[in-house]
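When we follow this note's numbering, the leftmost residue of the sequence shown carries the number 51, and every step to the right adds one.
Glycine included, C-beta positions come from ideal geometry on N, C-alpha and C.
Everything numeric in this text was worked out from a predicted model, so none of it was measured.
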Amino acid sequence: MQINTSSKKLINEAALKQLEEALLISEQRFHATFEQTVVGIAHIALDGGWLRVNKKFCNILGYSHEELLTLSLPDITHPDDIDINLSYISQLLTGKIQTFSIEKRYIHKSGFSVWINLSQSLVLKPSGEPDYFIATIEDISRRKAAQEALEKANEQLELRVEERTAELNNTISSLNNAYAQLKRQISTSSEKQHQQIILDAMPVMIWFKDRENRILKINKAAAAWMGMKVEDIEGKSTYDIYPAQAAKYHQNDLEVINSKKSKIGIVEKIKTYSGENIWLNLDRVPWHDDEGNIGGVVVFARDITPQKQAEEALLLLRKAVESSSDAIAMTDNNGTSIYHNHAFINLFGYTVDELNNAGGQAIVYTDSLVVQEVFSTVMKGDSWRGEVEIKTKSDRIVPISLRADAIKDKTGKIIGLVSICNDITKRKHAESQLKQQATQLEQTVRELQQTQSQLIQTEKLSSLGQLVAGVAHEINNPVSFIHGNLPHVWDYAEDLLGLVTLYQQEYPNPTPEILDEIEAIDLNFIRSDLPKMLSSIKVGTQRICEIVRSLRNFSRLDEAMMKGVDLHEGIDSTLMILHSRLRASPDHPGIQVIKEYGKLPLVECYAGPLNQVFMNLIGNAIDALEELVASRQVSIVNGKITDNPQIRIRTEVIEKDKVSLRIYDNGSGMPESVRKRLFDPFFTTKAVGKGTGLGLSISHSIIVQKHGGKLSCISAPGEGTEFIIEIPTHQPNQEPPHVLDETEI
């Protein structure tokens, strides 16, 4: 007995140690994944406090691990983003959504804003209640900066286009005005004045130069650009005005004069008289004198500085877009691609022409409904953000984060769509791996808790069984002595009473002292009551003997091997122990037990654990009926209303080598949601302190794992509850059943 108990304890300790080692390995893997992932990860309490954060998240915000744990979610969230963040969290808690992904701003330790992409979901307890949040945080500051630069450059480009359009309109208007004014003035001015009027009315800078690099004629626009008056320039050499550049200008003039060909569209960067650098578009055209000889060149110059600045900004923008790690694409209102950067081509595999020939951007999305949603949202002027799956040219499915915005002209009309995509395969893999590790860890913890509880419960029951067996043995000896001597006491009492009767017959007139003693002890009452008392003592000792046998039978918890057992005996022992809860009392009418025993063979089993199952199931049935009586409800039996609590126990052979045991109570039953979770560890519907939630879980383990059987439940509200046990009569690799004799009970 002691050796078996010690061996069993060592086995339990070894199993517990193995589970603890498995838990340690799982925790180490989880920690490695948590800390080494490329994105920030955090476990967040329901009140917004941090439970756990990884190193990447700390780096994103600039805080140390200890500093960050002292802060809450609102402490580091940009004020403008708190409400929308809390709105999504509220939807998680109410079960409206399972997860969400948003772009928001955190406040860095240094005070500046950090743009991040936040994906967050809710982790539930085994009971289904919210436990904590798990979040992944991706730093998208560079992408946001590139996006803002793109938007700013677009605005500047549109502004430059508007300005150039306005300039052209002004130029045309000025020419028309100048022409009209010339027509009025020519009739009253000299030819020289006519020329000057025409030159000054032109919207471009004009000056005439001879072969010696002298400026013969200049209009007001050119003089103003040079920072001088017309009369101070005409007749002077360029060497006097721009000594540093004069030789270069003269060389350019001579090339035109000698080649007799104009130079059109020469773009030069020139420093003005005031020191400002501007861009000019120059046309050098040879002019002829009255004899047809080339006398020099006439220069037409236009200030194209705004245009060049726009071009430089556009070039800078293009470089930024092309060097961006995010895939950027632009389409028109019809979905036709008009631009892809290198990152887009690398990710999707399509150039602009290839994608248009294949059917447009819509073909890369795996879900056509997403395409419609994105397009309709952007065409309304709103931004669309989310995570979608795309199909590359090589048919590879890739998860991406997508932001789509409208492209508008100067009037605000939507003329296209710009989309920014980012491959989130690594992040998704990290999220999946993290969730899997968390799930495995939680499962391991639950299994460890369950195993620990079962081991503790088993140890308790084993100790209790040994105690009960010892107590039963100690009680059995004196009770057996009393019960065995009762017949002798009965005989002695009859002899003594007979002798007293004989004395009364032979000596009808006893002495006064004897008469007083007879009256004092009430001899007639003793003569009638003593047989009744001895009979009651006999019944009591028989009852004690039955209880002792039941306790010894029930306490077989330390038997290390299976034996052939009479299941009916185990059930009867259980009912004997629970007799006090079954009989009637002032507050309930008592519970009727109906036995419908079939003819069962001996069943190979662990008698002690199986008795524990009987105790759990019958005890639960009694609990259900007591609750029914206490709430003054009624139950339905065979379609009739009754207030008679009943437990029906039925046994039968259902197959050649399998037996069935059904325990039914006519209580209030249970809903399907409760029935499905009956065998989950720690699940209970009883009040706090009245149940651990382990009884049915352990019973299920005993029947299914230890005996290769089945334990099921049939129940519905108002129809009572029935538990069905099915176990084989013979276990694999077991010797034939060992029949117990009276000495082993």
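Give the straight-line distance between the Cα atoms of residue i and residue j, rounded to the nearest whole angstrom.
i	j	result
Leu580	Asp566	21 Å
Ile470	Ser482	24 Å
Ile752	Leu660	7 Å
Ala92	Lys175	18 Å
Gln555	Leu549	10 Å
Leu143	Ala185	14 Å
Val684	Gln642	With a pLDDT of 45 at Val684, under the threshold of 50, the modelled position of that residue is not reliable, and the figure given next carries that caveat. Whole-angstrom Cα-Cα distance: 15 Å.
Phe107	Ser681	55 Å
Lys319	Glu326	10 Å
Thr674	Gly717	The residue you asked about is not Thr; residue 674 is Ala in the sequence shown. Looking at the two C-alpha atoms, the distance is approximately 6 Å.
Ala412	Pro129	37 Å
Ser324	Gln170	59 Å
Lys194	Glu201	10 Å
Asp459	Ile465	7 Å
Asn302	Ala377	46 Å
Ile777	Lys443	59 Å
His750	Ile775	9 Å
Leu405	Ser387	7 Å
Asp616	Val663	15 Å
Tyr138	Ala634	57 Å
Gly590	Pro695	28 Å
Pro782	Cys763	26 Å
Asp403	Val280	55 Å
Ile474	Pro449	6 Å
Taking residue i as the reference, give the member of the options with the closest Cα.
i	options	result
Ile354	Ile395, Met612, Leu330 and Thr771	Leu330
Lys310	Leu625, Gln170 and Val348	Val348
Arg700	Asn670, Asp622, Gly640 and Lys726	Asp622
Ile344	Glu262, Gln170, Glu524 and Ile126	Glu262
Met665	Val703, Gly620, Ala377 and Asn527	Gly620
Gly436	Asn302, Val495, Arg453 and Leu547	Arg453
Arg352	Asn269, Gly462 and Leu168	Asn269
Val539	Pro636, Pro767, Ile587 and Gln781	Ile587
Asp455	Ser444, Glu198 and His300	Glu198
Arg102	Ile139, Tyr182, Ile568 and Thr149	Tyr182
Pro180	Gln148, Thr381, Thr779 and Tyr156	Gln148
Leu118	Asn135, Ile134, Gly98 and Leu136	Gly98
Tyr156	Gln359, Pro528 and Asn135	Asn135
Ser375	Gly409, Asn472 and Glu439	Asn472
Asp715	Gln755, Gly658, Ile644 and Glu423	Ile644
Tyr289	Ala297, Ile283 and Asp282	Ala297
Ile668	Pro336, Ile713 and Met255	Ile713
Lys105	Lys154, Gly145, Ile187 and Val173	Ile187
According to DSSP, is residue i helix, strand or coil?
i	result
His37	Nothing can be reported for residue 37, as the shown portion of the chain is limited to 51 through 795.
Ser160	coil
Gly474	Note on residue identity: the sequence assigns Ile, not Gly, to residue 474. Of the three classes helix, strand and coil, the one that applies to Ile474 here is coil, per DSSP.
Tyr389	strand
Gln411	helix
Ser374	coil
Tyr182	strand
Leu101	strand
His629	helix
Leu218	Its pLDDT being 46, under 50, Leu218 is placed unreliably in this model, and the coordinates cannot settle the point.
Gly345	strand
Gly431	coil
Gly614	strand
His533	helix
When DSSP builds the beta bridges, which residues end up paired with residue i?
i	result
Glu439	Pro449
Tyr542	Answer is none; Tyr542 lacks a bridge partner.
Gln662	None; Gln662 has no bridge partner.
Lys458	Ile464
Gly145	Beta-bridge pairing links Gly145 to no other residue.
Arg167	Note on identity: in this sequence residue 167 is Asn, with Arg being the wrong assignment. Glu153 and Glu188, per the DSSP bridge assignment.
Asn327	Lys321
His638	Ser635
Ala351	Met255 and Leu332
Gln696	Gln642
Cys655	Lys613
His338	Ile344
Would you verify that the beta carbon of residue i is, or is not, closer than 7 Å to some beta carbon of chain C?
i	result
Leu467	Protein chain content of the structure displayed is limited to a single chain, and chain C is not contained in it.
- Message: I'd like the ranges of any beta strand (DSSP E) spanning at least 3 consecutive residues and lying wholly in the region 713-783.
- Response: 760-765 and 771-778
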